[in-house]
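Numbering (my numbering), first residue to last: 349 to 541.
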């Protein structure tokens, strides 16, 4: 029997969340690169270096000598690390955004009264504990609703077989109680379990 592989096809699910997530990490990379550049420049500003340019010896501050090389290195490194950061944060943010998207859909279903499904996310996704808690909540709701339906049926049967025949002469009370029983039944049947 062939096993179905559950692969991600779309990585941008919660675009706003993922974009903010990526931008924050890219800004961190840029800030780190700038900090390294400023620190290296400030640490070398007080020293001198002898260089040979066009067969001439010249004396420069180490900061002036390293500055062009430092700028090139920082720009190239920032671009490479920035691109890697974009892909890695997109991939890792999907492990959060995917389950958040599913939670939003499932909570909408629960809000509509559908308690028939268990909530599942991929094994390697984040928020596994939250998924487990949500499944426990849905299971408890199912159990409570089943118990309410059983008790409603007992109450309805008692009403139909015992109480209603005794007070059938008081039609107003009978109508009010039957109306209330119908309302309770309708509320209970709103949920699918």
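Beta carbons are placed, not taken as given, at the ideal position from N, Cα and C, and that holds for glycine.
Inter-residue Cα distance where the pair is residue i and residue j
i: residue 360; j: residue 387; result: 37 angstroms
i: residue 457; j: residue 375; result: 38 angstroms
i: residue 498; j: residue 445; result: 40 angstroms
i: residue 509; j: residue 536; result: 22 angstroms
i: residue 518; j: residue 512; result: 9 angstroms
i: residue 538; j: residue 471; result: 32 angstroms
i: residue 480; j: residue 487; result: 11 angstroms
i: residue 475; j: residue 439; result: 15 angstroms
i: residue 527; j: residue 520; result: 11 angstroms
i: residue 373; j: residue 411; result: 29 angstroms
i: residue 489; j: residue 462; result: 11 angstroms
i: residue 379; j: residue 441; result: 21 angstroms
i: residue 452; j: residue 428; result: 35 angstroms
i: residue 514; j: residue 501; result: 19 angstroms
i: residue 435; j: residue 393; result: 37 angstroms
i: residue 349; j: residue 450; result: With a pLDDT of only 49 at residue 349, under 50, the local geometry of the prediction cannot be trusted, and the value read off the model is given with reservation. So the alpha carbons of these two residues sit roughly 28 angstroms apart.
i: residue 396; j: residue 409; result: 4 angstroms
i: residue 496; j: residue 371; result: 50 angstroms
i: residue 478; j: residue 448; result: 10 angstroms
i: residue 421; j: residue 362; result: 34 angstroms
Cβ neighbour criterion (16 or more within 10 Å) applied to residue i
i: residue 455; result: exposed
i: residue 297; result: Nothing about residue 297 can be read from this structure; the chain reaches only from 349 to 541.
i: residue 482; result: buried
i: residue 390; result: exposed
i: residue 400; result: exposed
i: residue 465; result: exposed
i: residue 416; result: exposed
i: residue 366; result: buried
i: residue 423; result: exposed
i: residue 358; result: exposed
i: residue 469; result: buried
i: residue 398; result: exposed
Residue i - partner residues in DSSP beta bridges
i: residue 396; result: 409
i: residue 468; result: DSSP, once it has assigned bridges, lists no residue as partnering residue 468.
i: residue 404; result: 401
i: residue 462; result: 540
Residue i: CB within 7 angstroms of a non-hydrogen atom of the ligand ADP
i: residue 376; result: Among the ligands in the structure shown, none appear at all, so the ligand ADP cannot be discussed.
Sequence ranges, alpha helix (DSSP H) only - wholly within the segment 487-530, length at least 4: Counting only runs of 4+ residues, no alpha helix (DSSP H) is found wholly inside the segment 487-530.
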